[in-house]
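Q:
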């Protein structure tokens with residue numbers, strides 16, 4: 001019965017959007033659309049429909065559950081579900097050391113527990129139809145089937161997007177399986193802990209646990225040890241953030257020559273072969289100019305300006321949100337938004353020194369500027385960099401529209417970078433590749449010139465937004481304390 005409910009619910013949701021769909025088609029056909037010349041009809045409809053689903057009328061807990069609802073495992077994919085055992089608190093403590101090393105003031109955060117981490121090995125399954133179910137065999141047998149069809153010695157460690165409070169490996173199975181198909185590599189997709197129940201740095205602790213588990217498999221693991229230089233960290237949106245801050249954590253610990261106690265052994269800190277990010281969320285303050293400038297092409301709305309008192313997104317209250325005591329961001333305390341392990345945009349160029357190759361792909365979207373400024377700093381640090389921007393494309397377009405020309409071009413670049421990174425053949429040209437909408441033609445732009453916002457301007461914008469949030473959080477907590485005294 002539950003398998004029938006989802007298609008029926010989707011049909012009802014689409015029926016009420018028929019006026020929106022017709023309006024979009026008419027404006028596009030009449031060449032009166034605000035995105036004319038940069039989006040085809042499919043892209044414009046995709047953006048309009050997704051935008052219409054993003055509302056603040058549903059409590060956060062229900063939004064979470066809906067976004068994590070398992071659609072089942074069907075079609076050309078193998079999925080083997082695993083649980084990575086809880087490590088010693090040393091892994092948690094290593095993350096805390098990195099946070100403390102990079103602090104610049106009085107930032108505060110919740111100290112999470114060490115925890116077991118659920119994940120899904122995902123790979124491509126050939127010669128099956130779109131509705132073919134997985135056979136009824138053990139998770140171990142599924143894993144071995146997956147490995148038979150994913151022969152590469154590379155492993156991709158994938159972190160899903162969802163603003164750190166939504167989504168799940170199950171919501172990303174189709175694009176992750178497609179990435180496996182393109183690379184021939186198995187993908188470990190991580191179910192990291194989500195905010196607001198588990199704010200920063202719980203997800204980062206889980207990410208480090210998953211990474212170390214690949215290199216040094218705990219007893220009972222299905223996989224054999226994977227050399228660090230054969231691992232590519234990858235993720236979209238918040239998962240792109242998590243990939244970058246995991247790298248920053250490893251770089252920080254590596255500089256201090258730390259080892260970590262992991263399942264009874266002292267192991268060295270090793271860097272991965274590469275990091276691949278899709279529309280990475282690099283600025284939790286959301287203060288760069290593209291947030292507003294590119295809003296017409298994107299389904300992510302711009303936040304209100306700092307000229308008004310800061311107020312959290314007005315979700316209906318439930319047992320999950322708002323937090324108690326209150327904070328303005330689900331993901332972290334307001335005084336943490338400028339920390340490099342929260343907002344990679346806050347990391348100066350020198351913190352990226354000695355990083356492995358990095359790939360950054362974005363559309364003409366709200367998050368474009370922050371990704372480009374990070375790319376510029378990575379390049380300034382001498383790190384091999386591959387960066388690209390797709391004209392007129394929304395947030396995470398390649399994952400949403402796999403079969404389109406831009407989607408195919410995106411996955412070709414994504415997979416190519418992963419293969420090159422573990423083979424040690426990524427060479428940085430110092431340019432960004434701009435992919436035009438109309439002809440899918442490309443042009444190379446010097447990375448130093450792709451974003452007009454200077455480092456100084458970006459830092460000032462971030463500080464202003466951070467102060468705005470902090471003031472809003474102080475007011476919320478003042479009101480909370482006053483109510484508590486009544």
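Numbering (UniProt numbering), first residue to last: 1 to 486. Here a beta-carbon is modelled for each residue, glycine too, at the ideal position from N, C-alpha and C.
1) Considering only residues of the same chain and omitting the five flanking positions on each side of residue 417, which have a CB-CB separation below 6 Å?
2) Between 377, 356, 446, 382, which has its C-alpha nearest residue 250's C-alpha?
3) On the criterion of 16 or more Cβ atoms from any shown chain inside 10 Å, does residue 137 qualify as buried, or is it exposed?
4) For residue 372 and residue 451, which I take to be in contact (beta-carbon distance under 8 Å), what is that distance rounded to the nearest angstrom?
5) At 3 residues or longer, and completely inside the stretch 7-61: list those beta strand (DSSP E) runs for me, N to C.
6) Where does the unbroken alpha helix (DSSP H) through residue 277 begin, and where does it stop?
7) Only counting runs of 4 or more residues, tell me where the alpha helix (DSSP H) segments fall wholly within the stretch 400-465, in order along the chain.
8) Considering residue 236, what are the terminal residues of the beta strand (DSSP E) in which it resides?
9) Could you pull out every residue in the same chain whose Cβ sits closer than 6 Å to the Cβ of residue 239, ignoring the five residues on either side in sequence?
10) Count the other CB atoms, across all protein chains shown, that sit within 10 Å of the CB of residue 479; report buried if there are 16 or more and exposed otherwise.
11) DSSP state of residue 324, grouped into three classes?
12) Please work out which residues of its chain come closer than 6 Å, Cβ to Cβ, to residue 486, disregarding the five sequence neighbours upstream and downstream, and give them in chain order.
13) Per DSSP, which residues does residue 388 bridge with? Please list them.
14) Restricting to Cα atoms, I'd like to know which of 25, 40, 53 is closest to residue 13.
15) Given a threshold of 16 other Cβ atoms within 10 Å of its Cβ, counted over all protein chains shown, does residue 4 qualify as buried or as exposed?
16) Mapping the DSSP letters down to three states, classify residue 4 as helix, strand or coil.
17) Does the stretch 343-357 come close enough to the stretch 194-210 to have 3 or more Cβ pairs within less than 8 Å?
18) Roughly how many angstroms separate the alpha carbons of residue 20 and residue 244, rounded to a whole number?
19) Using three-state DSSP, classify residue 265 as helix, strand or coil.
20) Label residue 92 either buried or exposed according to how many other C-beta atoms from any shown protein chain fall within 10 Å of its C-beta, with 16 as the threshold for buried.
21) Based on Cα-Cα distance, which residue from 193, 83, 76 lies nearest to residue 149?
22) Go ahead and label residue 70 buried or exposed: buried means 16 or more other beta carbons lie within 10 angstroms of its beta carbon, across all protein chains shown.
23) Would you mind stating whether residue 120 and residue 79 have Cβ atoms separated by less than 8 Å?
24) Would you check if there are 3 or more beta carbon pairs closer than 8 Å linking the stretch 99-118 to the stretch 185-204?
25) Identify which residue in 157, 72, 381, 263 has its Cα closest to the Cα of residue 448.
26) Give the single residue among 309, 414, 461 whose Cα lies nearest to the Cα of residue 176.
27) Could you have a look at residue 130 and say whether DSSP puts it in helix, strand or coil?
28) Short check: CB of residue 24 to CB of residue 45, under 8 Å?
29) Are three or more beta carbon pairs between the stretch 319-329 and the stretch 466-475 nearer than 8 Å?
30) Around the C-beta of residue 181, are 16 or more other C-beta atoms found within 10 angstroms, so that it is buried, or is it exposed?
31) Label residue 488 either buried or exposed according to how many other C-beta atoms from any shown protein chain fall within 10 Å of its C-beta, with 16 as the threshold for buried.
32) Kindly indicate the opening and closing residues of the alpha helix (DSSP H) around residue 205.
33) If we call anything under 8 Å between Cβ atoms a contact, is residue 320 one with residue 196?
A: Reading off the structure:
1) Position 417 of the chain shown, counted from the first residue, corresponds to residue 417. Closer than 6 Å at the Cβ level, and outside the excluded window around residue 417, lie 276, 359, 386.
2) Residue numbering aside, residue 250 sits at position 250 when the chain shown is read from its first letter. With distances taken between Cα atoms, residue 250 lies closest to 356.
3) Taking the first residue of the chain shown as 1, we reach residue 137 at position 137. Counting Cβ neighbours within 10 Å, residue 137 comes out exposed, since fewer than 16 surround it.
4) By 1-based counting over the chain shown, the position of residue 372 is 372. By 1-based counting over the chain shown, the position of residue 451 is 451. So it is a contact: roughly 4 Å between Cβ atoms.
5) none
6) For the purposes of this step, residue 277 is taken as residue 277 along the chain shown, with counting starting at 1. For residue 277, no alpha helix (DSSP H) run applies; the uninterrupted beta strand (DSSP E) run containing it begins and ends at 274-278, by DSSP.
7) 405-423
8) Within the chain shown, the letter at position 236 stands for residue 236. 231-236 is the extent of the beta strand (DSSP E) around residue 236.
9) Along the chain shown, one-based indexing puts residue 239 at 239. Around residue 239: 159, 160, 161.
10) For the purposes of this step, residue 479 is taken as the residue at position 479 of the chain shown. The residue in question, residue 479, is exposed, as its Cβ has fewer than 16 Cβ neighbours within 10 Å.
11) If you number the chain shown from 1, residue 324 lands on position 324. DSSP places residue 324 in coil when its eight states are reduced to three.
12) For this step, residue 486 is matched to residue 486 along the chain shown. Result list for residue 486: empty, nothing under 6 Å.
13) As a working mapping, residue 388 is identified with position 388 in the chain shown. Bridge partners of residue 388: 361, 433.
14) Looking up residue 13 in the chain shown gives position 13. Out of 25, 40, 53, 53 has the C-alpha closest to the C-alpha of residue 13.
15) Translated into positions along the chain shown, residue 4 becomes position 4. Caution is warranted here: a pLDDT of 44 is assigned to residue 4, below 50, making its placement in the model unreliable, and no coordinate value can be reported.
16) For the purposes of this step, residue 4 is identified with residue 4 of the chain shown, where counting begins at 1. Per-residue confidence for residue 4 stands at a pLDDT of 44, beneath the threshold of 50, marking its modelled position as unreliable; no derived number is given.
17) no
18) In the chain shown, the residue the question calls residue 20 occupies position 20. In the chain shown, the residue the question calls residue 244 occupies position 244. In a straight line, the C-alpha of residue 20 is about 37 Å away from that of residue 244.
19) Within the chain shown, numbered from 1, the residue matching residue 265 stands at position 265. Of the three classes helix, strand and coil, the one that applies to residue 265 here is strand, per DSSP.
20) Counting from 1 along the chain shown, the entry for residue 92 is found at position 92. With 16 or more other Cβ atoms within 10 Å, it is buried.
21) Your numbering for residue 149 matches position 149 in the chain shown. For residue 149, the nearest C-alpha among the options comes from 76.
22) Residue numbering aside, residue 70 sits at position 70 when the chain shown is read from its first letter. So residue 70 ends up on the exposed side.
23) Against the chain shown, residue 120 aligns to sequence position 120. Against the chain shown, residue 79 aligns to sequence position 79. Judged by beta-carbon spacing, residue 79 lies within the 8 Å limit of residue 120, meaning their Cβ atoms are closer than that value.
24) yes
25) In the chain shown, the residue the question calls residue 448 occupies position 448. When only C-alpha atoms are compared, the closest one is 381.
26) Residue 176 sits at position 176 when you count from the first residue of the chain shown. Comparing Cα positions, the closest option is 414.
27) By one-based count along the chain shown, residue 130 stands at place 130. Here residue 130 sits in coil by DSSP.
28) Position 24 of the chain shown holds residue 24. Position 45 of the chain shown holds residue 45. Yes, the pair counts as a contact, with Cβ atoms nearer than the cut-off.
29) Judged by Cβ distances under 8 Å, the stretch 319-329 makes contact with the stretch 466-475, as three or more pairs qualify.
30) Counted from its first residue, the chain shown places residue 181 at position 181. Counting Cβ neighbours within 10 Å, residue 181 comes out buried, since at least 16 surround it.
31) Outside the shown range of the chain, which is 1 to 486, sits residue 488, and nothing can be said about it.
32) Residue mapping note: residue 205 aligns to position 205 of the chain shown, counting from 1. Where residue 205 is concerned, the enclosing alpha helix (DSSP H) stretches over 202-215.
33) Here residue 320 is taken as the residue at index 320 of the chain shown, counted from 1. Here residue 196 is taken as the residue at index 196 of the chain shown, counted from 1. Yes.
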